[in-house]
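UniProt numbering applies: residue 1 is where the sequence shown begins, and numbers increase by one. Here's the structure we're looking at; comments come further down.
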Amino acid sequence: MAELRTKDEHTAAIRRDRRVAVVVNTRSRRGRRHYFEVIEQIHNLGFEPLAELSVYNPKRLRDLLDTALATDPDLLIVGGGDGTLSSAVRHVAHRDVALGVLPLGTTNNFARSLGLPLDLAGAIKVFDTGKVADIDLGLADDRPFANLASFGVSVEVAGKVKPWLKRIVGRPAYPLTALTILPGHRPFRAYITVEGERHELLTHQLNIANGRFHGGWQVAKDISIDNGMLVAYQLGSGKKLRLLGETLIRATTGRWRSLAGGPFVMGREMLLETDPPMAADVDGEVRLRTPIRLRVVPNGVRVMVPADFEDR
Numbered sequence: 001m002a003e004l005r006t007k008d009e010h011t012a013a014i015r016r017d018r019r020v021a022v023v024v025n026t027r028s029r030r031g032r033r034h035y036f037e038v039i040e041q042i043h044n045l046g047f048e049p050l051a052e053l054s055v056y057n058p059k060r061l062r063d064l065l066d067t068a069l070a071t072d073p074d075l076l077i078v079g080g081g082d083g084t085l086s087s088a089v090r091h092v093a094h095r096d097v098a099l100g101v102l103p104l105g106t107t108n109n110f111a112r113s114l115g116l117p118l119d120l121a122g123a124i125k126v127f128d129t130g131k132v133a134d135i136d137l138g139l140a141d142d143r144p145f146a147n148l149a150s151f152g153v154s155v156e157v158a159g160k161v162k163p164w165l166k167r168i169v170g171r172p173a174y175p176l177t178a179l180t181i182l183p184g185h186r187p188f189r190a191y192i193t194v195e196g197e198r199h200e201l202l203t204h205q206l207n208i209a210n211g212r213f214h215g216g217w218q219v220a221k222d223i224s225i226d227n228g229m230l231v232a233y234q235l236g237s238g239k240k241l242r243l244l245g246e247t248l249i250r251a252t253t254g255r256w257r258s259l260a261g262g263p264f265v266m267g268r269e270m271l272l273e274t275d276p277p278m279a280a281d282v283d284g285e286v287r288l289r290t291p292i293r294l295r296v297v298p299n300g301v302r303v304m305v306p307a308d309f310e311d312r
């Protein structure tokens, strides 16, 4: 692997040389509608992209990310939802290129974790006025992820939430879909081993977060995508009414407790076992099953963030 520039050197190169490549998922909620606006605003800031690529067929996303990176940009600008951005994170991890994020999805968890403006003009301005930072990379077995691995009701929600519902109501589409699934859902037992200590719980929903947000709401008021830790937490317990109540509270207020006072398990590495074995939703892709070993790689990904982002 080639030696990485310092973050200050990398930031200076982006501002001086303006070497960027752009990839936008035009099947995302807002990507198709705003593609030409995005390109125009990037040009207006003085960038002359080495590549301008739109992705309509999701199966081509990885190939087009490779095409963009082959132009050797200092900044790879990617627009789409969290699934698109997770793929981009896997492409730029441990490389001397920064990821620029255009929040064009429904929940935009990754963009929120970076403290980015959610309006396009604000997000694009960060490419000109922001800085290069390095954030944590999650690994589920050997699969990199940016934001979250989840187990239980959410896995079924990911497969059943309707695109038209996301377009109409946005973030609440996920808890609304969960409420239709919950009556027939059975709880499961999870075992989380961290630093030799085994934690056991009965629940309908377990999340293990690298980022700060889930479903567009903050996991905890003091959580960070740059603290070298994963955070495991359950929604509710084995009782459906408790999960229903917590889902409604998060959907309407987004309130979470502090990591110090909330029901959280934290660690750099976790072994998760479940009874019965379960599928995992890793940043929107369901490809792994428990048992799964999860860990964090500190400072594994370079991103463009606002100048006031706390880079640890």
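Where is the CB? At the ideal position from N, CA and C, for every residue including glycine. Note that the structure is predicted; figures quoted are calculated from it, not measured.
Open item on the list: What residue range does the alpha helix (DSSP H) around L69 cover?
Closed with: L61 to L69
- [ ] Quickly, what does DSSP pair S150 with across the bridge? List them, please.
- [x] N207 and D281
Task: Endpoints, the beta strand (DSSP E) within which Y191 is located - done: F188 to V194
- [ ] Could you pull out every residue in the same chain whose Cβ sits closer than 7 Å to the Cβ of L201, ignoring the five residues on either side in sequence?
- [x] A190 and Q234
Open item on the list: Out of R33, D136, N299 and L206, which one is the CA nearest neighbour of P265?
Closed with: Looking at the sequence provided, one finds Val at residue 265 rather than Pro. Among R33, D136, N299 and L206, the Cα nearest to that of V265 belongs to L206.
TODO: Output yes or no for whether 8 Å exceeds the beta carbon distance between L64 and V301.
DONE: no
- [ ] Measure the C-alpha to C-alpha separation of K240 and H204 and round it to an integer number of angstroms.
- [x] In this prediction, K240 scores a pLDDT of 48, lower than 50, which makes its location untrustworthy; the coordinate-derived value is nonetheless stated afterwards. The alpha-carbon atoms of K240 and H204 are separated by roughly 8 Å.
Open item on the list: Does the contact criterion of 3 or more C-beta pairs under 8 Å hold for the segment 118-128 versus the segment 88-103?
Closed with: yes
TODO: Count the C-beta pairs between the segment 22-35 and the segment 47-56 that are closer than 8 Å, then say yes if the count reaches three, no if not.
DONE: yes
TODO: Give the DSSP-derived three-state secondary structure of G32 in the structure shown.
DONE: The identity of residue 32 in the sequence shown is Arg, whereas the question assumes Gly. Three-state result, R32: helix.
- [ ] Starting from the Cα of A232, find the closest Cα among V194, S113 and G216 and give me that residue.
- [x] V194
Open item on the list: Counting beta carbon pairs with one atom in the segment 111-126 and one in the segment 54-73, are three or more of them shorter than 8 Å?
Closed with: no
Task: Under the three-state DSSP convention, the category I124 falls into - done: helix
Task: C-alpha distance - residue 314 paired with R287, whole-angstrom precision - done: This structure does not reach residue 314, given that the chain is present from 1 up to 312, and the question cannot be answered.
Open item on the list: To the nearest angstrom, how far is the alpha carbon of I42 from that of L271?
Closed with: 43 Å
Open item on the list: Taking the alpha helix (DSSP H) that F110 belongs to, which residues open and close that run?
Closed with: N109 to S113
Task: Under the three-state DSSP convention, the category R215 falls into - done: Sequence check: residue 215 is Gly here, not Arg. In this structure, G215 counts as coil in the three-state DSSP scheme.
- [ ] Evaluate E37 with the Cβ neighbour count: other Cβ atoms within 10 Å of its Cβ, from every protein chain shown; 16 or more gives buried, anything less gives exposed.
- [x] exposed
Open item on the list: Between R27, Y35, D17 and Y56, which has its C-alpha nearest G46's C-alpha?
Closed with: D17
TODO: Please look up how many angstroms separate the CB atoms of R112 and R212, rounded, as I've assumed it's under 8 Å.
DONE: 7 Å
Open item on the list: Cutting at 8 Å between CB atoms, please list the residues of its own chain near T252, excluding the five before and the five after it.
Closed with: Residue placement at T252 cannot be trusted, given a pLDDT of 45 that sits under 50; what the coordinates show is reported in the next sentence. Correct list: empty, nothing qualifies.
- [ ] Could you tell me which of L76, K7 and S87 sits nearest to R62, measuring between CA atoms?
- [x] S87
Task: Backbone CA spacing between D209 and L114 [nearest angstrom] - done: The sequence given here has Ala at residue 209, not Asp. The straight-line gap from Cα to Cα measures roughly 14 Å.
Open item on the list: Among the candidates P298, R268 and A146, whose CA atom is the shortest distance from the CA of G284?
Closed with: A146
TODO: List the endpoints of the continuous beta strand (DSSP E) containing T274.
DONE: E269 to D275
Open item on the list: Using a Cβ-Cβ cutoff of less than 7 Å, which residues in the same chain neighbour V297 once the five nearest sequence positions on both sides are dropped?
Closed with: D136, L137 and L139
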